[in-house]
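Chemist: Per this note's numbering, the sequence shown starts with residue 779, numbered consecutively.
Glycine included, C-beta positions come from ideal geometry on N, C-alpha and C.
Values in this document were obtained by computation on a predicted structure and should not be read as measured data.
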Amino acid sequence: MGQLAIIGGSGFAAMPELEIVETRQTTTRWGDPSAPLVHGRLAGQDVLFLPRHGEGHRIPPHRVNYRANIQALSDAGVERVIALAAVGGITADCVPLALCIPDNLIDYTHGRGSTFYDEAGGEVVHVDFSWPFSAGLRRLLLRAAGDTGIEVLDGGVYAATQGPRLETAAEISRLERDGCDIVGMTAMPEAALARERGIAYATLAFVVNWAAGKSDSEIGMEEINANLGRCAQTVIRLLQRAVVLPADD
779 MGQLAIIGGS
789 GFAAMPELEI
799 VETRQTTTRW
809 GDPSAPLVHG
819 RLAGQDVLFL
829 PRHGEGHRIP
839 PHRVNYRANI
849 QALSDAGVER
859 VIALAAVGGI
869 TADCVPLALC
879 IPDNLIDYTH
889 GRGSTFYDEA
899 GGEVVHVDFS
909 WPFSAGLRRL
919 LLRAAGDTGI
929 EVLDGGVYAA
939 TQGPRLETAA
949 EISRLERDGC
959 DIVGMTAMPE
969 AALARERGIA
979 YATLAFVVNW
989 AAGKSDSEIG
999 MEEINANLGR
1009 CAQTVIRLLQ
1019 RAVVLPADD
C-alpha cells in the first residue's frame, strides 16, 4: 500500500485527530508548498497531511502553488491522495451537508500553473485524463462510507472555477447545463498535476451551501462556516475508516 496523503481544504487547515509525529519544512523547484508537510498517524495509520490553503487558511484558491504542493508530496513518496473540498451544491441531490465523491470534472480555471511540462525545450507529455479521479480510491472511500453508515453521493461532476469570488446565478445555470453537480475552486489543476506525477487522486467533497441562484437567499460566510463545522466530524469519521482499509487498485 503506497503512502497516503490527505490534502485539507476549507475547514481543514488543521486536523486535531491526527497524532503529529514530525512537521517537515520542504521546498521544490516550483517553490514552497502551502505549508510544512505533517507526518502523523490517523487511526493508527501513517499519513501525510498538507493544508492546501496554508496554516490558518491564508492562501486563496487562485494563488495556491499547486505544483509545489503536488511535487512536495511526490518527493515524500506519496502514491495516493485524498483531497478534501468544500463545495456548493448545484443539482437537487447535492444539498447542504451532503458528502459527494465525484467521478469527473470540468475545468473553468485560468492562469494557474497547470502542468509540470511547460518549459521551453522540455519534454512534451500528454497524460490521459478521461477519468480524473482514481477509481480505486473512489471505491475505498465508498467502502469506508458503507462501513461507517455515512451516506455519500457516488459520482457527480465537479466544476472547478477560478475564485476567489463565488459564482453568479447565470454562471451556475451554465454549469448545470454543462452537466456539473457541484462547484468548487481547487480540484484543478491539483488533480491533473497528481496524474502527471502518477499519484492516485480522489476528492471527498462536502456541500456547505447551495450554489448561486439555487436558493432564495444570498450566500453568506456565516452559513458556510456553520456547515463546515457540521460536516467536519462526519468527514473525519469517514477518513478514519478509509485509512485502515487496504488499497483498492
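Run through DSSP, which three-state label would P829 get?
Modeler: For the purposes of this step, residue 829 is taken as residue 51 along the sequence shown, with counting starting at 1. In the structure shown, P829 sits in a strand (DSSP, three-state: E or B).
Chemist: Buried or exposed, going by whether 16 or more other CB atoms sit within 10 Å of the CB of R955?
Modeler: As a first step, residue 955 is located in the sequence shown; it is residue number 177 there, counting from the start. When all chains shown are included, R955 counts as exposed.
Chemist: Below 8 Å, how does it come out for the stretch 922-934 and the stretch 872-885: are there three or more Cβ pairs, yes or no?
Modeler: Touching, yes, given that three or more Cβ pairs across the two stretches are closer than 8 Å.
Chemist: Please classify I798 as buried or exposed, where buried requires at least 16 neighbouring CB atoms within 10 angstroms.
Modeler: Walking along the sequence shown from the start, residue 798 turns up at place 20. So I798 counts as exposed.
Chemist: Below 8 Å between beta carbons: does that hold for I868 and C1009?
Modeler: One-based indexing of the sequence shown puts residue 868 at position 90. One-based indexing of the sequence shown puts residue 1009 at position 231. No, the pair does not count as a contact, with Cβ atoms beyond the cut-off.
Chemist: Among the residues of its own chain, which have a CB less than 6 Å from the CB of L752, if the five just before and after it don't count?
Modeler: Outside the displayed span of the chain (779 to 1027) sits residue 752, for which this structure offers no information.
Chemist: Considering only the beta carbon of each residue, do T946 and Y886 sit closer than 8 Å?
Modeler: For the purposes of this step, residue 946 is taken as residue 168 along the sequence shown, with counting starting at 1. For the purposes of this step, residue 886 is taken as residue 108 along the sequence shown, with counting starting at 1. Not closer than 8 Å, so no.
Chemist: Is the distance from the Cβ of N1005 to the Cβ of N987 below 8 Å?
Modeler: On the sequence shown, residue 1005 is found 227 positions in, with the first residue counted as 1. On the sequence shown, residue 987 is found 209 positions in, with the first residue counted as 1. A contact, by the Cβ cut-off of 8 Å.
Chemist: Taking one C-beta from the stretch 1016-1027 and one from the stretch 888-897 each time, how about it: are there three or more such pairs within less than 8 Å?
Modeler: No, because fewer than three Cβ pairs between the stretch 1016-1027 and the stretch 888-897 fall closer than 8 Å, the two stretches do not touch.
Chemist: Please list the segments of the alpha helix (DSSP H) lying wholly inside the stretch 891-965, counting only runs of 4 or more residues, in order along the chain.
Modeler: Here the runs fully enclosed are 913-926, 947-955.
Chemist: Does DSSP put H835 in a helix, a strand or coil?
Modeler: As a position in the sequence shown, residue 835 is number 57, starting the count at 1. H835 falls in the coil class under three-state DSSP.
Chemist: Classify M779: buried if its beta carbon has 16 or more other beta carbons within 10 angstroms, exposed otherwise.
Modeler: What you label residue 779 is simply residue 1 of the sequence shown in a count that begins at 1. Low confidence applies to M779: its pLDDT is 49, below 50, so where it sits in the model is not reliable, and the reading given next is rough at best. Under this definition M779 is an exposed residue.
Chemist: Tell me which residues share the same chain as A948 and place their Cβ nearer than 7 Å to its Cβ, disregarding the 5 neighbours each side in the sequence.
Modeler: Looking up residue 948 in the sequence shown gives position 170. The answer is none, since no qualifying residue turns up.
Chemist: Under the assumption that P839 contacts M963 (Cβ atoms under 8 Å), give the Cβ distance between them as a whole number of angstroms.
Modeler: Residue numbering aside, residue 839 sits at position 61 when the sequence shown is read from its first letter. Residue numbering aside, residue 963 sits at position 185 when the sequence shown is read from its first letter. With a Cβ gap of about 4 Å, P839 and M963 count as contacting.
Chemist: Who are the Cβ neighbours of A876 in its own chain at under 7 Å, not counting the five residues just before and after it?
Modeler: By 1-based counting over the sequence shown, the position of residue 876 is 98. Contacts found: G867, L931, V985.
Chemist: Please state whether DSSP places V865 in a helix, a strand or coil.
Modeler: Taking the first residue of the sequence shown as 1, we reach residue 865 at position 87. Correct three-state label for V865: strand.
Chemist: What does the Cβ neighbour count give for P1024, buried or exposed, with the cut at 16 atoms within 10 Å?
Modeler: By 1-based counting over the sequence shown, the position of residue 1024 is 246. That one is exposed.
Chemist: What does a CB cutoff of less than 7 Å around R1059 pick up in its chain, not counting 5 residues either side in sequence?
Modeler: No answer is possible for residue 1059: it lies beyond the span of the chain, which begins at 779 and ends at 1027.
Chemist: If I'm right that A854 touches L826 with Cβ under 8 Å, what's the distance once you round it to whole angstroms?
Modeler: Residue mapping note: residue 854 aligns to position 76 of the sequence shown, counting from 1. Residue mapping note: residue 826 aligns to position 48 of the sequence shown, counting from 1. Between L826 and A854 the Cβ distance is about 6 Å, and since that is below 8 Å, they are a contact.
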